[in-house]
Structure formats: structure tokens, C-alpha cells
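**Student:** So the sequence lines, in the order shown, correspond to chains A and B.
When the letters of the first sequence are read in order and numbered with numbering that gives the first Met the number 0, they come out as residues 0 to 321.
When the letters of the second sequence are read in order and numbered with numbering that gives the first Met the number 0, they come out as residues 0 to 321.
Protein chains: 2
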Amino acid sequence: MGEFELIKRYFQHSLQPAGVALGNGDDCALLAPAPGMRLAVSTDMLVEGRHFLSTVNPEALGHKALAVNLSDLAAMGAQPLAFTLALALPRADETWLAGFSKGLLALADAHGCALVGGDTTAGPLNICITVFGQVPEHQALRRSAAKVGDDIYVSGTLGDARLALEVFRGGASLSAADFAAVRQRMERPTPRVALGVALRGVAHAAADVSDGLLGDLGHILAASQVGADLSADEIHNSIATSTILKSAGGQFLPDFVLNGGDDYELVFTAPVAARPAVVHAAASACTPVSRIGTVTASTGLVLRGPGGQPMALTSRSFDHFA
Amino acid sequence: MGEFELIKRYFQHSLQPAGVALGNGDDCALLAPAPGMRLAVSTDMLVEGRHFLSTVNPEALGHKALAVNLSDLAAMGAQPLAFTLALALPRADETWLAGFSKGLLALADAHGCALVGGDTTAGPLNICITVFGQVPEHQALRRSAAKVGDDIYVSGTLGDARLALEVFRGGASLSAADFAAVRQRMERPTPRVALGVALRGVAHAAADVSDGLLGDLGHILAASQVGADLSADEIHNSIATSTILKSAGGQFLPDFVLNGGDDYELVFTAPVAARPAVVHAAASACTPVSRIGTVTASTGLVLRGPGGQPMALTSRSFDHFA
Numbered sequence: 000m001g002e003f004e005l006i007k008r009y010f011q012h013s014l015q016p017a018g019v020a021l022g023n024g025d026d027c028a029l030l031a032p033a034p035g036m037r038l039a040v041s042t043d044m045l046v047e048g049r050h051f052l053s054t055v056n057p058e059a060l061g062h063k064a065l066a067v068n069l070s071d072l073a074a075m076g077a078q079p080l081a082f083t084l085a086l087a088l089p090r091a092d093e094t095w096l097a098g099f100s101k102g103l104l105a106l107a108d109a110h111g112c113a114l115v116g117g118d119t120t121a122g123p124l125n126i127c128i129t130v131f132g133q134v135p136e137h138q139a140l141r142r143s144a145a146k147v148g149d150d151i152y153v154s155g156t157l158g159d160a161r162l163a164l165e166v167f168r169g170g171a172s173l174s175a176a177d178f179a180a181v182r183q184r185m186e187r188p189t190p191r192v193a194l195g196v197a198l199r200g201v202a203h204a205a206a207d208v209s210d211g212l213l214g215d216l217g218h219i220l221a222a223s224q225v226g227a228d229l230s231a232d233e234i235h236n237s238i239a240t241s242t243i244l245k246s247a248g249g250q251f252l253p254d255f256v257l258n259g260g261d262d263y264e265l266v267f268t269a270p271v272a273a274r275p276a277v278v279h280a281a282a283s284a285c286t287p288v289s290r291i292g293t294v295t296a297s298t299g300l301v302l303r304g305p306g307g308q309p310m311a312l313t314s315r316s317f318d319h320f321a
Numbered sequence: 000m001g002e003f004e005l006i007k008r009y010f011q012h013s014l015q016p017a018g019v020a021l022g023n024g025d026d027c028a029l030l031a032p033a034p035g036m037r038l039a040v041s042t043d044m045l046v047e048g049r050h051f052l053s054t055v056n057p058e059a060l061g062h063k064a065l066a067v068n069l070s071d072l073a074a075m076g077a078q079p080l081a082f083t084l085a086l087a088l089p090r091a092d093e094t095w096l097a098g099f100s101k102g103l104l105a106l107a108d109a110h111g112c113a114l115v116g117g118d119t120t121a122g123p124l125n126i127c128i129t130v131f132g133q134v135p136e137h138q139a140l141r142r143s144a145a146k147v148g149d150d151i152y153v154s155g156t157l158g159d160a161r162l163a164l165e166v167f168r169g170g171a172s173l174s175a176a177d178f179a180a181v182r183q184r185m186e187r188p189t190p191r192v193a194l195g196v197a198l199r200g201v202a203h204a205a206a207d208v209s210d211g212l213l214g215d216l217g218h219i220l221a222a223s224q225v226g227a228d229l230s231a232d233e234i235h236n237s238i239a240t241s242t243i244l245k246s247a248g249g250q251f252l253p254d255f256v257l258n259g260g261d262d263y264e265l266v267f268t269a270p271v272a273a274r275p276a277v278v279h280a281a282a283s284a285c286t287p288v289s290r291i292g293t294v295t296a297s298t299g300l301v302l303r304g305p306g307g308q309p310m311a312l313t314s315r316s317f318d319h320f321a
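#1: Buried or exposed, going by whether 16 or more other CB atoms sit within 10 Å of the CB of V271 (chain B)?
#2: Do T295 (chain B) and V147 (chain B) have their C-beta atoms closer together than 8 Å?
#3: Determine the direct distance from the alpha carbon of H235 (chain A) to that of V130 (chain B), and round the result to whole angstroms.
#4: Within the stretch 57-115 of chain A, note down every full alpha helix (DSSP H) run reaching 4 residues or more, in order along the chain.
#5: Could you check how far apart the C-beta atoms of I128 (chain B) and N68 (chain B) are, in whole angstroms? I think they sit under 8 Å.
#6: For G116 (chain B), go through chain A and note every residue whose CB falls closer than 7 Å to its CB, in chain order.
#7: So what does A227 (chain A) bridge to, in DSSP terms?
#8: Answer yes or no: do A197 (chain A) and S283 (chain A) have a C-beta to C-beta separation smaller than 8 Å?
#9: Is it buried or exposed, E93 (chain B), if we count other Cβ atoms within 10 angstroms and call 16 or more buried?
#10: Check Q183 (chain B) in the structure and name its three-state DSSP category.
#11: Hey, is G122 (chain A)'s beta-carbon within less than 8 Å of any beta-carbon in chain B?
#12: Count the other CB atoms within 10 Å of the CB of R90 (chain A); is the residue buried (16 or more) or exposed (fewer)?
#13: List the residues that DSSP assigns as beta-bridge partners of F131 (chain B).
#14: Can you list, in chain order, the residues of its chain with a C-beta nearer than 7 Å to that of R184 (chain B)? Leave out the 5 residues immediately preceding and following it.
#15: May I have the straight-line CA-CA distance separating Q133 (chain A) from G132 (chain B), to the nearest angstrom?
#16: For a contact meaning CB atoms closer than 8 Å, what does V46 (chain A) contact in chain B?
#17: Can you tell me which of the three DSSP states T54 (chain A) falls into?
#18: Tell me which residues of the stretch 92-114 of chain A have at least one Cβ-Cβ distance to chain B shorter than 7 Å, keeping chain order.
#19: Specify, as a first and last residue, the run of the alpha helix (DSSP H) that S246 (chain B) falls within.
#20: So, A141 (chain A) versus A204 (chain A), is the Cβ gap smaller than 8 Å?
#21: What three-state label does DSSP hand I238 (chain A) in the structure shown?
#22: Closer than 9 Å between beta carbons: that is the criterion. Which residues of the stretch 5-31 of chain A meet it against chain B?
#23: Three Cβ pairs or more, each shorter than 8 Å: is that satisfied between the stretch 3-23 of chain A and the stretch 31-41 of chain A?
#24: For L198 (chain B), decide whether its Cβ has a neighbour in chain A, counting only Cβ atoms nearer than 8 Å.
#25: Going along chain D in order, which residues have a C-beta closer than 8 Å to the C-beta of A281 (chain A)?
#26: So, helix, strand or coil for L312 (chain A), using DSSP?
#27: Quick check: does the Cβ of R199 (chain A) come within less than 7 Å of any heavy atom belonging to the ligand SAM?
#28: May I ask you to list, following chain order, the residues of the stretch 206-234 of chain A that have a beta carbon less than 8 Å from some beta carbon of chain B?
#29: For L5 (chain A), which of A:C112, A:G111 and A:G117 has the nearest alpha-carbon?
#30: Could you check whether the Cβ of T129 (chain B) sits closer than 8 Å to any Cβ belonging to chain A?
#31: Would you identify the three-state DSSP class for L29 (chain A), choosing helix, strand or coil?
#32: How about the stretch 163-181 of chain B and the stretch 216-227 of chain B: do they share at least three Cβ pairs that are nearer than 8 Å?
#33: I'd like to know if D149 (chain A) contacts chain B, where contact means its C-beta is closer than 8 Å to some C-beta of that chain.
#34: Let me confirm a value: S100 (chain A) is counted as buried when at least 16 other C-beta atoms fall within 10 Å, else exposed. Which label applies?
#35: Write down the C-beta distance between G102 (chain A) and L60 (chain A) rounded to the nearest angstrom, noting that I regard them as a contact closer than 8 Å.
#36: Straight-line CA distance for D150 (chain B) to L212 (chain B)?
The following block contains the structure:
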């Protein structure tokens, strides 16, 4: 099977939304966002042995490779439009390709996101996706837009993917049902696209939680030149901490919640007056959100323990070269 | 040096053209093409040991990684606007990063093309660039637009990069000056952006010659459902065959010219009535072009030898998995 045959067999994608003027098969794709729209662009690279193990289910990997990129669009409030895929493969393994493309294109179809081009090459397994989404001109959720007094929210639950990793590493054990649930969170994360779009005009700042809550909230705080006050108890008692993680034992709290990574939830800020609008946005997107703290004028992040006293912070936001 | 420090030190790019609404540092970049414009998107991945050797000069590699992407924009007649860079590195080698970013950003500056986002990770060396360019709504040079009777042209010279590779492999020898010249063609190719833009409204179809003239012209013919008639003599006597390649010996002709690859020239078709306009476009872009054949109604490609008789064709368009 040659390169062109490989593309034709596994990555032919007939989806062509209105904003795509020319799909794959030429030197470039042509995107045509509507007047007044912004095209959001994000790129992520997944490397075998670093972001996933060689034993991972290829269908789950295809899902995840696109999901992590869609999560970046969600964090801007952008509606997915199209993506490109660059793929380095040790060899053209048809079973792997069939599974990978199935998982990838199923998620693409679910979000109306067209595969419009790419590159395939031989080499150590590497998946590089660049995704494009549309957002109206003045409604993008930027990291720099948090205001003092804003509430801080996070979607879904945190730390479950990290708990699954711990089970794989032998550091924790779970019932089969609980393990299946957290493994799903690690291998097939749900990008919060509907929530991001619903938060346009409601939230001030947003980021996706890919490297851990403290690290990604930290990016918002730094970009907005503000601080934050969080309560560990409120986080653990909110829906943001899953019952599975709570029942897995206190030694994983609060570290997995605060620094777990691979969550692909949204952390965002919104003014106090927007509380009903946040509740409405969360309900319309069928996505639970938890209010976990407040944006403060003093730069830096304070995490308060049970008695309200500040806890020592250990942000271990993932750094590939640290 | 951590990941964020790495990005800050080597890939901070202050260029923000009018069409870029938000550059790097957020979850996504925001591009804002003008009304009536199309955003052309292309992605290419370069893998160590496959597309370049570990001994390559990092500055030249930075140049080439972007150049091959800009070449795709050129083939659509698109003006470069912005690009993303995903980089897997075995380690954060500062000498390598300094050279690579210097070569990359110098070429980006030369084309007004802003680095607006990306990803860095540990892993086997892999460079994945996705580039965005603008082209007016109905002026993109598509592969499918060749018409029967069109002239076929190619820019610059063909086969020089392939000759440099042959010298590296020990299969040919050249004077130091000639080797330096063809090595430059291999390591620091010139994307024909100005020519592509100048050919808007003049050329019908275009593609960039990255895999060899026959292979890439073949893509135009297949997409346009037409054929081509080329004369080997005319090609060798035209400026498309460099004096260095001619003097290197007949055993490399016509193979390196027709199937060399890594040329990053443009092959394009234009109506006979547009001959003066093609000459004008080439002059305005300071890029030589050669007229090398004609588009025919019969599908397939005929290459004629000295007496006008068809020659056997061996298109060895590069396939990573064949």
C-alpha cells in the first residue's frame, strides 16, 4: 500500500461544511469563514511513548488525537470547522490505520469538523493535528480577559485520567467498573465544545485543562495579571471531584485534582452577575460545571485548606523538557 | 530549560500582520482574512533520517521546514499570512534550537508570515508546520483547472537538489563551486511565492514540484482529466535544466530533471493567449520559467525523445510507503 492509497483508503473524508471552500487533494485546503468571524487555529503533536503507549487501542488514539485539539477550540468558544492531519508511521499497518481513522473520523463527524489535508510519512509514530474553528469577531474567550471579582469555574471532573494512569502504573487499584470509567476519561476524553460555544458572551476568560488545573488556571492569571483564591474543600465537595477519585483514597487528593493533567475540561472565569447565565450555558451544553473560587487583585494563586488557611502549592504543570 | 522557556527563548515572534487578530500564547491563534478572501492551509511533516540527516545545519533545516510549506501556498497563488510549528525534540539542545529558529524566522520575516502557535514535546526529532495564506475567492490556482491546449510551464531549474544528493551518496562529483550551488538548492530551497501570486488570473492550474516533475504534473493531469505532451529535448535545452546538471553528465538526464524531487519549483498550465502575461508574471516575480509542453485531450503523459518519438516513462514520484 502506497502513500496515496493509504490516504485514499483511510482518510477520505466526504464532510464539507459550508465554511470549507476546498477540501483535501490540492496543495492547500481553502477555508472560508463567514464575514465577521475569526478562524481559531490550534496544533497538537502526540508522540508514542510520551503521550500514549504502543499498546493503546488505535481507535481510542484516533479519538484522543482530535479530542485534545477540539478541546483547544472549546477553550476559545470556537465552533470546529476543519482540521489537517500529519502522520509519521513506522509502517503502513492496516489494522492500526483502520482503527485509528475510525476513531478519528467518528469524532470529526460528531463535531462537523472536516479533514481537509495533511501529510503522511515514514518515521517514528507521531500524530500532528492542526484544527480550525470559527468564533464571532469579539466573542473569543481569551486567557487575558479575567477580571478581579470574577467567579472561577471548572467543567466536569478532574483527576480521573490521572487516577487511571496510576492504576496502570500499579500505584492504585479500582473495581473493574470504576477502572473502566476512569480509563475512558484518559483514553477517550470529551472535548467541551458545546460548553465553550455556550459560554460566548457569558465567560470572560477560559483555558482547557490539559496540564492540570493549577497550571492552566495559572496561564489565565498570568495573562490577565490577576490572582485567584481557591478552596480545596469546595473543590473536593463539588462535582469537580468524582466519587471514584474520592473513594480511591485521600492520598490522591488534592494532587490529582489540582495537577492531574489530561482532563480536557474547561477552566473559566465569569462575573458574579453572570451566575444564572453560567448555569444556563452548562445546562444547554449538558455539561456540569463547579464554581471553585474567585479572581483576586493580588497576583498569585492561594489555595485554602479546611480552616481557610493557605496551603502550600505544588503546581507540577507538565513540562516536556523540565 | 523548560518547555515554556524554550518557546519564549527561541520562538517568540513579534510579527503580527493585519490578517492575524491574535497571535501565539492563547489556546488558539485567531486569523482574520479579509472579506472575499480564502485562507489556504497546508501542513508538512519532516522526520529525521527520512527528510533530513542528523548532520544537517539546523539553520538550513529551519529554513527548509518552512520553505516546503510556503511552496504549497505558492502553488495555490496564496500570500503567506501565518504558520504553526509542532516540534518533537529528543532534548532541548540550545545550539540546535538557536540555529533552527534563526533559519525558520528569517524566512518567515522575509515572507511576512507570522508564527502564531504550536506545540513542543520530547520525542524523536519531528518538525510539523501548518501554514496559512490568503488568496482572493476565485483566484486560487487549483490542480483541477488545466484545459486542453494549455501550455505547460515550470519555474527555475529541476534536478539540482537530486544531483546534490547524488554527490552526498558518492555517485557523482562536482567542483566545489558547483557542489555549493546545488547543495544550496537542496538545503535552502526558494519557495516561489511571488510567482504564484503573480500567476493569479493568468495560470489555470498549478502544483509545486516536491516529488518530481512527472509525479506532480501527473496530479494536475489526473485532477483535470487531461493529458500532456512534453519534449525531453525542449526541457533539457531550456533554462529548466541547469548548466551544472548538464555538465555533470548525461547519465543523470533525463531522470533527475523528470523525477528528481525536492525542487520546490512550480509546474503550471496557462492558455496560449496568456503567453505575454506569463512572461510578465515571471519577470515581475524575478523567477525564470520555461515552457515545456502542451495539455492534451487524451489522458496520460507522453514524453517525446529527440526524433519526436514517445519515450518510455518511469515516474518514480516519491512514496513513503511503497
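From the three backbone atoms N, C-alpha and C, an ideal C-beta is built for every residue, glycine too.
**Tutor:** From the atom records:
#1: Taking the first residue of the second sequence as position 1, residue 271 (chain B) is located at position 272. Result: exposed.
#2: Taking the first residue of the second sequence as 1, we reach residue 295 (chain B) at position 296. Taking the first residue of the second sequence as 1, we reach residue 147 (chain B) at position 148. Contact flag set, yes.
#3: Walking along the second sequence from the start, residue 130 (chain B) turns up at place 131. Walking along the first sequence from the start, residue 235 (chain A) turns up at place 236. V130 (chain B) and H235 (chain A): Cα-Cα distance of roughly 43 Å.
#4: 57-73 and 93-109
#5: Taking the first residue of the second sequence as 1, we reach residue 128 (chain B) at position 129. Taking the first residue of the second sequence as 1, we reach residue 68 (chain B) at position 69. Yes, they are in contact, since the Cβ atoms of I128 (chain B) and N68 (chain B) sit about 5 Å apart, within 8 Å.
#6: Locating residue 116 (chain B) in the second sequence gives position 117, where the first residue counts as 1. By Cβ distance, chain A contributes V40, S41 and T42.
#7: As a working note, residue 227 (chain A) is residue 228 in the first sequence. Beta-bridge pairing links A227 (chain A) to A:V294 and A:L300.
#8: Translated into positions along the first sequence, residue 197 (chain A) becomes position 198. Translated into positions along the first sequence, residue 283 (chain A) becomes position 284. Their beta carbons are under 8 Å apart, which means A197 (chain A) touches S283 (chain A) by this criterion.
#9: Position 94 of the second sequence, counting from 1, holds the residue named residue 93 (chain B). When all chains shown are included, E93 (chain B) counts as exposed.
#10: Your numbering for residue 183 (chain B) matches position 184 in the second sequence. Helix.
#11: Residue mapping note: residue 122 (chain A) aligns to position 123 of the first sequence, counting from 1. Interface residue, yes.
#12: By 1-based counting over the first sequence, the position of residue 90 (chain A) is 91. Label assigned to R90 (chain A): exposed.
#13: On the second sequence, residue 131 (chain B) is found 132 positions in, with the first residue counted as 1. Note: F131 (chain B) sits in a beta bridge opposite B:V40 and B:A81.
#14: The residue labelled residue 184 (chain B) in the question sits at position 185 within the second sequence. Only D159, A160 and A163 meet the Cβ criterion.
#15: The residue labelled residue 133 (chain A) in the question sits at position 134 within the first sequence. The residue labelled residue 132 (chain B) in the question sits at position 133 within the second sequence. Answer to the nearest angstrom: the Cα atoms are 17 Å apart.
#16: The residue labelled residue 46 (chain A) in the question sits at position 47 within the first sequence. The contacting residues are A87, T120, A121, G122, P123 and N125.
#17: Taking the first sequence and counting its residues from 1, the one referred to as residue 54 (chain A) is at position 55. Three-state result, T54 (chain A): coil.
#18: none
#19: The residue given as residue 246 (chain B) occupies position 247 in the second sequence. Element bounds for S246 (chain B): T242 to S246.
#20: Your numbering for residue 141 (chain A) matches position 142 in the first sequence. Your numbering for residue 204 (chain A) matches position 205 in the first sequence. Rather than Ala, the amino acid found at residue 141 (chain A) in this sequence is Arg. Contact: yes.
#21: For the purposes of this step, residue 238 (chain A) is taken as residue 239 along the first sequence, with counting starting at 1. Note: I238 (chain A) maps to coil in three-state DSSP.
#22: L5, A20, L21, G24, D25, D26, C27, A28, L29, L30 and A31
#23: yes
#24: As a working mapping, residue 198 (chain B) is identified with position 199 in the second sequence. Cβ-Cβ to chain A under 8 Å: no for L198 (chain B).
#25: Included in the structure are the protein chains A and B, with no chain D among them.
#26: Residue 312 (chain A) sits at position 313 when you count from the first residue of the first sequence. It is coil, neither helix nor strand.
#27: Ligands displayed in this structure: none; no statement on the ligand SAM is therefore possible.
#28: A206, D207 and A222
#29: In the first sequence, residue 5 (chain A) corresponds to position 6, counting from 1. For the residues A:C112, A:G111 and A:G117, the minimum Cα distance to L5 (chain A) belongs to A:G117.
#30: By 1-based counting over the second sequence, the position of residue 129 (chain B) is 130. With 8 Å as the cut-off, T129 (chain B) counts as an interface residue toward chain A.
#31: Mapped onto the first sequence, residue 29 (chain A) falls at position 30. Of the three classes helix, strand and coil, the one that applies to L29 (chain A) here is strand, per DSSP.
#32: Of all C-beta pairs linking the stretch 163-181 of chain B to the stretch 216-227 of chain B, fewer than three are shorter than 8 Å, placing the two stretches out of contact.
#33: Counting from 1 along the first sequence, the entry for residue 149 (chain A) is found at position 150. Not one chain B Cβ lies under 8 Å of D149 (chain A).
#34: Taking the first residue of the first sequence as 1, we reach residue 100 (chain A) at position 101. Flag for S100 (chain A) reads buried.
#35: For the purposes of this step, residue 102 (chain A) is taken as residue 103 along the first sequence, with counting starting at 1. For the purposes of this step, residue 60 (chain A) is taken as residue 61 along the first sequence, with counting starting at 1. Contact flag correct, Cβ pair sits at about 7 Å.
#36: For the purposes of this step, residue 150 (chain B) is identified with residue 151 of the second sequence, where counting begins at 1. For the purposes of this step, residue 212 (chain B) is identified with residue 213 of the second sequence, where counting begins at 1. In a straight line, the C-alpha of D150 (chain B) is about 15 Å away from that of L212 (chain B).
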